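K.L.:
One structure follows; several queries about it will come next.
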Amino acid sequence: RKINIIFETKEEVIQKGNNKGEYLTHPAFTSFNSNGFWVGKFKTGYNQDPEGEEKITPDNWNVGGAQQDKIASNKIIIKPNVYSWLGIKVANAFYTTYHYKRELDSHMMKNTEWGAVAYLTNSEYGRCPDNQCSEVRINNSASYVTGSSAAKDPFCGYTTDSRECNAYESNELGKDTTYVKNYNNPVSVASSTTGNYTGVYDMSGGAWEYVMGVMLDQEGKPVSGRNDKDNSNFVGAILFPDGNDVNKKQWTKDDGGMEWPDKRYYDTYDYTEQEKIQSGKFGDGTRELGPFYYVKYNNIPCTVSEWYADSGGGAIVWYAGPWVIRGGSFFNGTTSGIFAMSVATGGPVTVFRLVLSP
Numbered sequence: 001r002k003i004n005i006i007f008e009t010k011e012e013v014i015q016k017g018n019n020k021g022e023y024l025t026h027p028a029f030t031s032f033n034s035n036g037f038w039v040g041k042f043k044t045g046y047n048q049d050p051e052g053e054e055k056i057t058p059d060n061w062n063v064g065g066a067q068q069d070k071i072a073s074n075k076i077i078i079k080p081n082v083y084s085w086l087g088i089k090v091a092n093a094f095y096t097t098y099h100y101k102r103e104l105d106s107h108m109m110k111n112t113e114w115g116a117v118a119y120l121t122n123s124e125y126g127r128c129p130d131n132q133c134s135e136v137r138i139n140n141s142a143s144y145v146t147g148s149s150a151a152k153d154p155f156c157g158y159t160t161d162s163r164e165c166n167a168y169e170s171n172e173l174g175k176d177t178t179y180v181k182n183y184n185n186p187v188s189v190a191s192s193t194t195g196n197y198t199g200v201y202d203m204s205g206g207a208w209e210y211v212m213g214v215m216l217d218q219e220g221k222p223v224s225g226r227n228d229k230d231n232s233n234f235v236g237a238i239l240f241p242d243g244n245d246v247n248k249k250q251w252t253k254d255d256g257g258m259e260w261p262d263k264r265y266y267d268t269y270d271y272t273e274q275e276k277i278q279s280g281k282f283g284d285g286t287r288e289l290g291p292f293y294y295v296k297y298n299n300i301p302c303t304v305s306e307w308y309a310d311s312g313g314g315a316i317v318w319y320a321g322p323w324v325i326r327g328g329s330f331f332n333g334t335t336s337g338i339f340a341m342s343v344a345t346g347g348p349v350t351v352f353r354l355v356l357s358p
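Numbering-wise (the working numbering), the sequence shown opens with residue 1 and increments by one.
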């Protein structure tokens with residue numbers, strides 16, 4: 001399904017898009033009063049060179065070294081063939097990006113900003129040049145190497161766990177394997193949002209990606225996370241402290257929480273005690289993805305949308321998983337994709353992406 005896109009400037013009247021056939025000025029632009037924004041071409045990597053000069057060698061660059069739960073703006077690296085920055089809480093990821101380039105309003109990608117990229121991908125400016133749309137191919141690197149791509153499209157769907165159909169494996173920086181091709185191999189353009197080297201990479205697979213999209217608690221305040229261990233490090237409610245106990249616990253600054261940024265830096269979703277598909281927001285790439293259906297993928301029940309059978313099907317948040325994650329993982333096969341989404345606790349489990357809104 002091709003999405004029709006027109007371009008405006010911030011000086012033009014905002015289009016509300018309330019009725020069928022009407023355009024909506026995308027909220028990713030109106031929230032920052034910007035004509036556009038720059039998206040990290042790859043998932044954020046962690047610069048492991050002790051000299052800070054990006055000298056990438058097998059001795060000082062490894063998967064474990066890129067798993068750092070700390071605020072370190074000077075360690076951001078946006079390049080292919082580096083290890084994704086894993087294992088960071090949402091608040092630490094946000095303030096790492098926030099302090100990166102303040103003069104360019106740097107920040108962590110919001111759910112609606114992810115949606116804007118997804119829309120462009122499914123338009124004539126992305127992967128629908130002749131009304132024939134193609135899916136962004138999965139990054140199936142089990143080593144979380146940026147810019148990697150599957151050698152071929154997963155084609156068995158959710159009915160089988162065949163190694164040949166939904167293959168993944170570890171790869172070294174800048175090296176190909178049987179199933180994984182590195183960014184320098186022209187095959188990698190299949191995992192770009194434009195189908196060529198000009199596009200954005202790693203938006204399908206690799207590792208699930210945190211976006212700034214969070215559930216509100218019963219009082220209308222953004223939630224910190226699941227429990228004392230699995231939370232964002234933001235000040236806020238913890239809604240799943242002891243098993244199935246839904247009595248919330250407030251996590252204050254005295255407990256170590258960090259202040260929330262201005263509201264324009266995150267999207268919010270209504271509180272729910274049930275794991276269900278939410279109505280989503282205009283612009284986040286959720287409302288138009290139905291119908292949804294339940295399947296078993298590798299013997300694990302999941303919900304997928306009609307759009308490329310990507311997992312999820314809405315801005316899914318609930319009290320035990322109040323944060324939105326996007327894109328899927330390297331082992332999710334066909335259910336990974338630019339429209340894939342799921343829930344997370346806010347804790348140090350996955351990666352993030354940098355955005356500039358000058």
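Backbone N, C-alpha and C define an ideal beta-carbon position, used for all residues, glycine too.
Here the structure is a predicted model, which is why all the values come from computation and not from measurement.
Taking the alpha carbon of K152 as the point to measure from, which residue in G220, N185 and M212 has its own alpha carbon closest?
P.N.:
The residue with the shortest Cα to Cα distance from K152 is N185.
K.L.:
When you compare each of G328, W323 and F94 to C302 by their alpha carbons, which one comes out closest?
P.N.:
The option with the nearest alpha carbon to C302 is G328.
K.L.:
Below 8 Å on the Cβ atoms is my guess for M109 versus M212; work out the distance and round it to an integer in Å.
P.N.:
7 Å between Cβ atoms; contact.
K.L.:
Do P358 and D59 have their C-beta atoms closer together than 8 Å?
P.N.:
Going by C-beta atoms, P358 is not nearer than 8 Å to D59.
K.L.:
Tell me whether the beta-carbon of W323 lies closer than 8 Å to the beta-carbon of S232.
P.N.:
Yes. Within cutoff.
K.L.:
Count the other C-beta atoms from every protein chain shown that fall within 10 angstroms of the C-beta of T57, then say buried if there are 16 or more, exposed otherwise.
P.N.:
T57 should be labelled exposed.
K.L.:
Who are the Cβ neighbours of V117 in its own chain at under 8 Å, not counting the five residues just before and after it?
P.N.:
If we look at V117 and ignore the five residues flanking it on each side, its Cβ neighbours are V39, T193, V200, M203 and I338.
K.L.:
For S170, does the count of other Cβ atoms within 10 angstroms reach 16, so buried, or fall short, so exposed?
P.N.:
Classification for S170: exposed.
K.L.:
Measure the C-alpha to C-alpha separation of K362 and A28 and round it to an integer number of angstroms.
P.N.:
Residue 362 lies beyond the range of the chain shown here (1 to 358); nothing can be said about it.
K.L.:
L356 lies in the beta strand (DSSP E); which residues open and close that run?
P.N.:
Its beta strand (DSSP E) spans residues L354 to L356.
K.L.:
Suppose you measure from the CA of I238 to the CA of Y294; what does that come to, to the nearest Å?
P.N.:
About 29 Å.
K.L.:
Got a sec, what are the start and stop residues for the beta strand (DSSP E) E359 sits in?
P.N.:
No answer is possible for residue 359: it lies beyond the span of the chain, which begins at 1 and ends at 358.
K.L.:
Since A93 is in the alpha helix (DSSP H), which residue starts that stretch and which ends it?
P.N.:
That run of the alpha helix (DSSP H) goes V90 to Y98.
K.L.:
Measure from the alpha carbon of D130 to the alpha carbon of each residue in V82, I3, A142 and V63, then state which is nearest.
P.N.:
D130 has its Cα closest to that of I3, out of V82, I3, A142 and V63.
K.L.:
Does the region 9-23 come close enough to the region 131-149 to have 3 or more Cβ pairs within less than 8 Å?
P.N.:
Counting Cβ pairs under 8 Å, fewer than three are found: no touch.
K.L.:
Quickly, what does DSSP pair W38 with across the bridge? List them, please.
P.N.:
Answer by DSSP bridge pairing, in chain order: L356.
K.L.:
Just to confirm the assignment, what range does the beta strand (DSSP E) spanning W114 have?
P.N.:
From DSSP, W114 is part of no beta strand (DSSP E) but of the alpha helix (DSSP H) over N111 to T121.
K.L.:
Quick check: H99 and G283, are their CB atoms within less than 8 Å of each other?
P.N.:
No.
K.L.:
Express the C-alpha separation of A207 and T334 in angstroms, rounding to a whole number.
P.N.:
Using only the alpha carbons, I get a separation of about 14 Å.
K.L.:
Would you tell me roughly how many angstroms separate the C-alpha atoms of V189 and R137, rounded to the nearest one?
P.N.:
In a straight line, the C-alpha of V189 is about 9 Å away from that of R137.
K.L.:
So, do the region 69-85 and the region 42-50 have three or more beta carbon pairs nearer to each other than 8 Å?
P.N.:
Counting Cβ pairs under 8 Å, three or more are found: they touch.
K.L.:
Quick one: measure Cβ to Cβ for V90 and Y210, integer angstroms, because I've assumed they're closer than 8 Å.
P.N.:
Going by Cβ atoms, the distance from V90 to Y210 rounds to 6 Å, so yes, they are a contact pair.
K.L.:
With C-beta atoms as the reference, is G321 less than 8 Å away from A344?
P.N.:
Yes, they are a contact pair.
K.L.:
Does DSSP put K263 in a helix, a strand or coil?
P.N.:
In this structure, K263 counts as helix in the three-state DSSP scheme.
K.L.:
Just reading off the alpha helix (DSSP H) that A28 is part of, what are its end residues?
P.N.:
Start and end: P27 to T30.
K.L.:
Within this structure, are the beta carbons of I78 and K55 separated by less than 8 Å?
P.N.:
No, the Cβ-Cβ distance between I78 and K55 is not below 8 Å.
K.L.:
Closest by CA to Y308, which one among G236, E51, Y271 and E288?
P.N.:
Taking only the C-alpha atoms, the option nearest Y308 is E288.
K.L.:
Could you please give me the residues that DSSP links to D292 through a beta bridge?
P.N.:
The question names Asp, yet the displayed sequence has Phe at residue 292. S305, per the DSSP bridge assignment.
K.L.:
Using the Cβ count rule (16 or more neighbours within 10 Å means buried), how would you classify S291?
P.N.:
A quick correction: the sequence has Pro, not Ser, at residue 291. It is exposed - the Cβ of P291 has fewer than 16 other Cβ atoms within 10 Å.
K.L.:
On the DSSP bridge assignment, give the partners of S188 in chain order.
P.N.:
In the DSSP output, where bridge partners are listed per residue, S188 has none listed.
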